[in-house]
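Those sequence lines, one after another, are chains A and B. Residue 1 in our numbering sits at position 1 of the first sequence; the count goes up by one each step and never skips. Every position in the second sequence, counted from 1, becomes a number in our numbering once 112 is added.
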Amino acid sequence: KNQVEQSPQSLIILEGKNCTLQCNYTVSPFSNLRWYKQDTGRGPVSLTIMTFSENTKSNGRYTATLDADTKQSSLHITASQLSDSASYICVVSESGYSTLTFGKGTMLLVSP
Amino acid sequence: KAGVTQTPRYLIKTRGQQVTLSCSPISGHRSVSWYQQTPGQGLQFLFEYFSETQRNKGNFPGRFSGRQFSNSRSEMNVSTLELGDSALYLCASRSSGNPFDTQYFGPGTRLTVL
């Protein structure tokens with residue numbers, strides 16, 4: 001069964017600090033992996049998408065990494081801001097299908 | 113370009129009733145997917161429509177159904193509501209059926225079943 005596991009479940013950091021969120025998956029065959037940011041009360045917004053051949057992709061202060069061999073991805077947030085407080089969801093797409101497998105997300109709280 | 117819109121934003125129903133949720137995709141987008149989001153299960157895929165045809169279906173009972181119109185607008189229907197159907201229902205659109213296309217999510221419809 002395809003699964004996406006995220007850790008930690010929740011995280012509190014001080015404004016200005018860095019943090020790293022983890023995503024492990026068992027989806028096979030693999031097509032692509034996305035990280036989404038979901039603010040409270042709103043729909044998810046795509047941050048990055050990575051394919052099998054990519055191992056790093058950045059979007060401003062967000063940097064995603066992918067190790068397709070170990071089936072692990074991470075999302076690194078640099079110099080956190082209060083507006084980074086949100087749920088971060090890892091989503092993996094299976095090759096040949098448009099069905100997505102979602103992780104349960106990491107709830108990040110950036111404290112002043 | 114307007115984003116994905118969903119109506120209504122909030123809904124309260126009682127057990128046994130049925131409900132219809134509506135989604136208008138971004139103009140030009142032909143693929144619409146529906147998801148259920150609950151605190152315990154996270155986001156779960158319900159189904160995807162492309163050019164009025166259901167292309168994929170998640171593991172949900174037949175009480176959950178949907179359709180897509182020629183203008184790409186989509187509706188989702190849940191019959192015989194149960195307490196466990198209380199959730200945020202999200203709709204997402206993308207321009208084609210290509211899985212590499214970015215999905216754009218709407219704000220969701222918060223359904224509460226009493």
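Heads up, the beta-carbon is just placed ideally off N, CA and C, and yes, glycines get one too. Please read these numbers as outputs of a predicted model, since none were measured by experiment.
Going by C-alpha positions, A/S7 is about 35 Å away from B/R127. Note: B/F162 is bridge-paired with B/S143 and B/T165 in the DSSP secondary-structure output. In the three-state scheme derived from DSSP, where H, G and I count as helix and E and B as strand, B/L193 is classed as coil. Counting other Cβ atoms within 10 Å of its Cβ, B/Y122 stays below 16 and is therefore classed as exposed.
Within the same chain, S31, N32 and L100 come within 7 Å of A/S93 by CB-CB distance, once the 5 residues on both sides are set aside. Chain B places a beta carbon closer than 8 Å to that of A/L100, counting this residue as a contact.
The Cβ neighbour count for A/V45, taken over all protein chains shown within 10 Å, is under 16; the residue is labelled exposed. CA-CA distance, B/Y216 to A/E15, rounds to 28 Å.
Put simply, of A/T70, A/D39 and A/K57 the residue whose alpha carbon is nearest the alpha carbon of A/V110 is A/D39.
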